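In this note's numbering, the protein residues as written are 64 to 550.
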């Protein structure tokens, strides 16, 4: 009974959030549409016209032609005539600059805003209507199945076949609902993670005009445009240093969030990082992490999607976590024949990593070493983890696709990653593995008395907020109670 009430409350909360997001998106659509109309009305040229035609239709061009013609009529002996010709040329250059500015504004501002207001947001809102229709189809299929199940008859075989057919219809309808729901959530998360990019459309207008009319002093209304700190930006595909600077963190959000979820539900999962996750669930989780949401409860039950998101984050970094700059040194160190000297050579290269890269690699390696402790159950030994994760951690900065680069270096990378995981505490002796607090579900400890003392975990949906230090990490005493096996 309690579980049903909890699931119902969770469903209502999700529906409320969904409605708030829809209203926000509709408001953005209306505002963008109205702004687009006003911007178009400010143009002096004809929108969509070619540069030459647009230039001819500008009032400044007509003024320029009139002044040049007037100067020609007055002749070179007239001071007024000479001045009109000179000013006519100036007006013509101003017309050219205005035309170029309007072309730029149309391409970089008007077209993207129109695409946002008339295509992108409406498509997402249409998905919401499609989801409602699929839910009705599912309810109808379930009702038909329930009706047939209470109808008795003499032909048992026919009734069984009919019941199986109806059950297939219900399952198919449910799958369509889940796929549409995941796609809708992923698109909504993606929209809000890119809101800073959409804001740049409007920022473009004033500096563009200022550049075109350098003689006019235009106060900058967007002096903050050089700073990205006020905007949310996706974490996936963003340089590690940029993401950490914007988020004010030491560990990348996707990495820490995924590690926290896997610590909770994925440590015993067989084939973690090796078995592929469902595409729609993975896309939804990546979009959720991109907009830094803490509403990640639904993904705890799918550790393969979480592991897939972590792999995707590492793979999509512009520069690998272990840096392409040190690629040759990593390869050279792994080629040392003597095992002890090889470890020492790898340690020396590891010590050259930039601070942010080293901190995040340490966090990841400590987690992988913890995961390897359960290798008898999850089948993920350091060697297996090096095979599936290595190509996502280090690749050469050469021409070709990421898959080609990974294939070319995978053998060498395995020889690098495996010993680092095996000797995690030797490579990174500073501190123990302390997962951060931001994405950890609250853990309630229960003490059982059965001859010996042991701790068990019980998860709730609230987030851990107490007991952390200035770095967002729990003191070791707290974590020693919560995750004794991690220490």
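C-beta: ideal position from N, C-alpha, C; glycine also. If you're wondering where the values come from, they're calculated on a predicted model, not measured in any experiment.
Practice item. Hey, could you find the ends of the alpha helix (DSSP H) residue 10 is sitting in? Key: No statement about residue 10 is possible, as the shown extent of the chain runs from 64 to 550 and does not include it.
- Message: Tell me the residue span of the alpha helix (DSSP H) that contains residue 449.
- Response: 445–456
ask   = Are residue 298 and residue 353 closer than 8 Å when you measure CB to CB?
value = yes
* Asked: For the putative contact between residue 329 and residue 369, defined by C-beta atoms under 8 Å, what is the C-beta separation to the nearest angstrom?
  -> 6 Å
Looking only at its chain, what residues have a beta carbon closer than 8 Å to the beta carbon of residue 477, apart from the 5 residues adjacent to it on each side? 446, 449, 450, 453
- Task: Would you identify the three-state DSSP class for residue 210, choosing helix, strand or coil?
- Result: helix
Quiz prompt | CA-to-CA distance, residue 144 to residue 135, given in whole angstroms | solution = 7 Å
Buried or exposed (CB count within 10 angstroms, at least 16 for buried), residue 250: buried
Quiz item: My guess is that residue 406 and residue 389 are in contact by the Cβ rule of under 8 Å, so how many angstroms apart are they, rounded?
Solution: With a Cβ gap of about 17 Å, residue 406 and residue 389 do not count as contacting.
### Task
Indicate whether the contact test is met: 3 or more Cβ pairs, each with one atom in the region 335–347 and one in the region 365–382, closer than 8 Å.
yes
Q. Residue 379 lies in the alpha helix (DSSP H); which residues open and close that run?
A. 366–379
Give every residue of the same chain whose Cβ lies closer than 7 Å to the Cβ of residue 205, excluding the five residues on either side of it in the sequence, and list them in chain order. 233
Task: residue 121: first and last residue of the uninterrupted alpha helix (DSSP H) it sits in - done: Unbroken run through residue 121: none, as it is neither H nor E.
- Express the C-alpha separation of residue 362 and residue 246 in angstroms, rounding to a whole number. 15 Å
Requested in this report: Check the C-beta distance from residue 162 over to residue 114 and give it rounded, since I have them as a contact under 8 Å.
Outcome: 6 Å
- Task: Determine the burial state of residue 224: buried for a count of at least 16 other Cβ atoms within 10 Å of its Cβ, exposed for fewer.
- Result: exposed
* Using beta-carbon positions only, say whether residue 95 and residue 180 come within less than 8 Å of one another. => yes
Where residue 440 sits in the DSSP three-state scheme
helix
Practice problem: Hey, could you find the ends of the alpha helix (DSSP H) residue 252 is sitting in? | Solution: 219–256
Exercise. Under the rule that 16 or more other beta-carbon atoms within 10 Å means buried, what is residue 122, buried or exposed?
Worked result: exposed
* **C-alpha distance - residue 487 paired with residue 429, whole-angstrom precision** => 6 Å
Q.
So for residue 85, helix, strand or coil by DSSP?
A. helix
Straight-line CA distance for residue 376 to residue 119? 51 Å
Using DSSP with H/G/I as helix, E/B as strand and the rest coil, what is residue 138? coil
*asked:* For residue 88 and residue 265, which I take to be in contact (beta-carbon distance under 8 Å), what is that distance rounded to the nearest angstrom?
replied: The pair is not a contact, with the Cβ atoms about 17 Å apart (cut-off 8 Å).
Could you tell me the distance, in whole angstroms, from the CA atom of residue 404 to the CA atom of residue 316?
35 Å
- Query: Around the C-beta of residue 116, are 16 or more other C-beta atoms found within 10 angstroms, so that it is buried, or is it exposed?
  - Reply: exposed
*asked:* Considering just the uninterrupted stretch of the alpha helix (DSSP H) at residue 107, what are its terminal residues?
replied: No alpha helix (DSSP H) contains residue 107, which DSSP labels as neither H nor E.
**Request:** Pick helix, strand or coil for residue 188, following the three-state DSSP scheme.
**Result:** helix
By how many angstroms is the C-alpha of residue 168 removed from the C-alpha of residue 302? 29 Å
Query raised in the report: Is the CB-CB distance between residue 177 and residue 158 below 8 Å?
Result: no
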